[in-house]
Structure formats: structure tokens, C-alpha cells
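One structure is given here, and the rest of the page talks about it.
Protein chains: 2
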Amino acid sequence: MTGKLTIIGLGPGAPELVTPAAASALAEATDIVGYGPYVDRVPFREGQRRHSSDNREELNRSRHALQMTSQGRKVAVVSSGDAGVFAMAAAIFEAVDLGDRAWRDLEIEVVPGVSAMFAVASAVGAPLGHDFCAISLSNNLKPWSVILDRLHAAAKADFVISLYNAASKARPDHLAQAFDVFRKYRTGDTPVIFASAVSHPDQKIDVVSLKDADPSRADMRTLVMIGSSMTSIISRPEKASWVYTPRFRKMDLA
Amino acid sequence: MTGKLTIIGLGPGAPELVTPAAASALAEATDIVGYGPYVDRVPFREGQRRHSSDNREELNRSRHALQMTSQGRKVAVVSSGDAGVFAMAAAIFEAVDLGDRAWRDLEIEVVPGVSAMFAVASAVGAPLGHDFCAISLSNNLKPWSVILDRLHAAAKADFVISLYNAASKARPDHLAQAFDVFRKYRTGDTPVIFASAVSHPDQKIDVVSLKDADPSRADMRTLVMIGSSMTSIISRPEKASWVYTPRFRKMDLA
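Protein chains in written order, with my numbering: chain A, 668 to 921; chain B, 668 to 921.
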């Protein structure tokens, strides 16, 4: 039996944001591998084995998935959002790169998904309508000085910025430091979005201004987005405001 | 009748990458609005009206969609990829912001999709596995000097970079100038990905090195991705190489 490894982005949470490609790949798998809460999102299927592991176990999990694939299993590794964004796809390929040469002959497919960042954007309007970047604030994997340099560069160059891993118990002050960086380059009324559990029933999204942005609002499940100098709010009577970053304004008003 | 406007990302092209949420929204619409080739991707439905327009018509198209929604129609505005990324969602909200105050009371929903950038990444491995940014090279909507500043900032801060609108007849030398910027900060063997029609039957993806990257390879449908200093190639005998940007290497080897 020839094995196959499929790395699947499950989307942000809502079943209607799981692509048919992801659903098919999950149905064909003999083994489902991933962080527990993501494995739990995969519909139960008779005879399929489930291998849940802890959040910090990406490389060990990757090796396990590759070993099972070598043995002829059809393995599905699942991530939330898009599997290529701060998620399992890079971990799998890194394990291949550092591991057994025979793993390079395996069939490996990545099925893209709806990323958390774009789900958050769609929930509030179109804040990522112009040049943007995504930065992880986790310094488990890179020095904090590199992260600070990137925050300065992104703020100065006026990108809309999505912050992943914005908060954790191990680094309670990182987000506060990030906001301090943005305040050097952006005005106090720049829109900041805190979004948790987007597309889940318990979705919670707050749009505040940079001057009022409270870092303690974020927890491990929160994505934080900071607008560019162009990002605008459309206020609506008795309804949630929309946030968007224009593409056309200058031309239109010219 | 109460109108509704839904802005829908159709994904990169393959039907199996259209989310169920997008398919439902398309099925409920009375009117499909968008750039011709994207409207053509929507399955035909008896009684549904189709309004195709040219690529440059985003703001007029937005106003037309908002007017129809005001009249009680169920309007679906379609984009390729994710509608929030250099696409129709920002155009619609900009039209709302600049237009009739009554438009702020309309029901507007954005359905996120699988973006071209993540589809390209999944097709070659996981090049967006670490901090990344997306920049449009089109100077229809912003001065070229701003774009150059952003390219410098992104290259210097070592982001993986996705270039949208990388080439057009009106600006044949922009991509060449962008490559010149990257060559100031990155080594010649940095991976560069040219991807056209990703997930379509005529998909074409080339992975080259920065020193060999030929700007004339890109046309209007090409997305160009430039690796960071960490982006690596996994070569495989007689098979296409994989490209990924590691998250863990430093920690793992420490």
C-alpha cells in the first residue's frame, strides 16, 4: 500500500468554511493527526484512527505523521485556518528536510484553507484591502529583537498588520510592546481589531482605537489587527461599524 | 423585499476550493456582479441575472451593486481568491463610505475564500510558514515611490513577500525594479516562485533563484513570491522541489 500525507487547513471554525477539497481528503484518511481541539473538529468516521497531541508538539507530530505515511497509511494532518500560515505545513516540510531521506519520495499534498486572518477581515468589512503583513509575536521560535525590528519596519512602511500568537501567559507584555511600537508611527485613532473564535458560535470581535487598545483584551485564541494610516471606520447607527482599507480613495477624489 | 449584498471569494479556481458558504450565497442571489471571468465561474442558475464588467470598473460596479441591493435585490459580488485581498470587498465599503448615507443601513456580508497567495503556497510546500507580507505592484492606486519604500522595508525586515499585480503592459519594468530591491538584501539563491492559474487545469508554477528570476516570466495572472533568508528548497530526485520557510529550525538545532 502506498501512503499519502495530506496537510489540511480546516478554516477558522464554521463547517461551511471547510472546503470540499478538505472534506474529501479527511474522508479518505486512515489517520487524523493534529492538536487535540483541531482533531476534534473532524467529523467522526468508523475505522479512522485519531492521534491528538499538545500544541507544542509540532515537530514530533510531524515525524509521527511521516513515519505512518512511510508505512503506507493515508494520513491527514489538520490545522485550523490555512495549514501554511504559522501552522503544520511548515513543520512537516521542516521534518522532511531534517529527517530520513526516504521521506522525500513520499506523496505529500497541502490543501489550502480559509485563514483566520481573512475570516476576521470578512467579519468586520475589508481591513486587509491594501498591502498587509502577518507577524507572529511568539518568541519561542525567533528572538524578540527580530520581532521588534519587523514591527518597526511594518509600522513605518504603513502595512495593515495581523498579529498571530499575540498573547500568552509566558509573554504577557509582548502585545503591549507591539502597541507601543505602532503608537510611534500611527495616530491614536488608528483602528485596532481584537478577534476571538471567529466564525464559531462564541465569536467575539471588538474594534477600538489604538490609543484605547488594551493588551489584556487578547488571549491565546485572539488575532489582533492594526490598521494602516488609510484604514477607515464606517459608523452606522445602532449597528456594528465596518472597517476597511481603501484601494481607490486617492484616485477617486483626484 | 429587503435586499442583501454578499461579497464572495470564489477561491483560486478549482471548484473543490469553493466553500459551502460561498456556494449557498451564490445560490440565494438574484444578481451576480463582477469582473467577467469571475462571473463566468459561477454555476448557471435559472432566473438569476448576471452583470459582468471590466477589470478597471471596481467602484462603478460597487455602486451598481449597492443600488440594486437598495432596490431589494439579493446581490452577490464575486472575486477570485479571497474577496478582501486586493479585491471587491474594499471597493464596496469604499463606495458605501463615499456614497448615499442610506447604504449604511444595508445588510452586507463578506464570505471569505481561499486566497491565491495561500493556494500558491500550498502547491509548492509552505513558503508562507513564517512572517510574510502582501504588496500590490499596481501604481494605479498609489505612487510608485510608496511601493518602492514598502519593498525596501519588507526586504530589509526579512518577510516572505507575495507580489500581486506583479506585471502589466502599462508597467513592464516594475517587477524588474522590485527584483533589484530584493537583490540588495537577499542572496542570489533566495527562492522565487512564479505562479499562474493556480488550481486551474493550466496551472504553471516555476521555482527559480533570485539571481535567475526573469521579470518577463510574469503576466497579469501571475503571482510572484520571494522567500525570506530562511526559505529553503527540498530537492527531490525526478520530482518537483518543495519550498518552505521553517518555524523551528533554530530551536531544533540548538
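The C-beta atom is built at its ideal place from N, Cα and C for all residues, glycine as well.
Residue nearest to residue 781 of chain B within the set B:900, B:673, B:844 and B:686 is B:686 (criterion: CA-CA distance).
Residues of chain A with a Cβ closer than 8 Å to the Cβ of residue 823 of chain B are, in chain order, 820.
Secondary structure of residue 847 of chain B (DSSP, three-state): helix. By the neighbour-count criterion, in which 16 or more other beta carbons inside 10 Å mark a residue as buried, residue 755 of chain A falls on the buried side. Identification of chain B residues near residue 751 of chain A by a Cβ-Cβ cut-off of 7 Å yields 785, 788, 789, 793, 795 and 796, ordered along the chain. Residues of the same chain with a CB within less than 8 Å of the CB of residue 854 of chain A, apart from the 5 flanking positions on each side, are 877 and 896 in chain order. For the region 674-745 of chain A, the continuous beta strand (DSSP E) assignments of 3+ residues that do not extend past its boundaries occur at 698-702 and 716-720, in sequence order. For residue 671 of chain A, the CB contacts under 6 Å within the same chain, skipping 5 residues up- and downstream, are 741 and 774 in chain order. The shortest C-alpha to C-alpha distance from residue 697 of chain A to any of A:890, A:851, A:899 and A:744 is the one to A:744.
With respect to the C-alpha of residue 702 of chain A, the residue from A:694, A:691 and A:676 having the closest C-alpha is A:676. Nearest C-alpha to residue 793 of chain B among B:707, B:819, B:856 and B:908: B:908. Counting C-beta pairs closer than 8 Å gives three or more between the region 884-899 of chain B and the region 863-875 of chain B, which meets the contact rule. About 12 Å separates the beta carbon of residue 751 of chain A from that of residue 829 of chain B, a gap too long to meet the 8 Å contact definition. Here residue 861 of chain A carries a strand assignment [DSSP, helix/strand/coil]. With respect to chain B, the C-beta atom of residue 802 of chain A has a partner C-beta closer than 9 Å. Think of a sphere of 8 Å around the beta carbon of residue 764 of chain B: the chain A residues whose beta carbon falls inside it are 899, 901, 911 and 913, in chain order. Apart from sequence neighbours up to five positions away, the residues of its chain that approach residue 835 of chain B with a beta-carbon distance below 6 Å are 887, ordered along the chain. In chain order, 673, 674, 675, 676, 686, 688, 689, 692 and 750 place their CB closer than 8 Å to the CB of residue 778 of chain A, counting only its own chain and leaving out the 5 sequence neighbours on each side. Per the DSSP secondary-structure output, residue 811 of chain B pairs with nothing in a beta bridge. By the Cβ-count criterion, residue 727 of chain A is exposed, with fewer than 16 other Cβ atoms from all chains shown falling within 10 Å of its own Cβ. Taken atom to atom, the span from the alpha-carbon of residue 899 of chain A to that of residue 736 of chain B is near 23 Å. A distance below 9 Å separates the beta carbons of residue 804 of chain A and residue 831 of chain A. Of the candidates B:714, B:806, B:783 and B:911, the residue whose Cα lies closest to the Cα of residue 845 of chain B is B:806.
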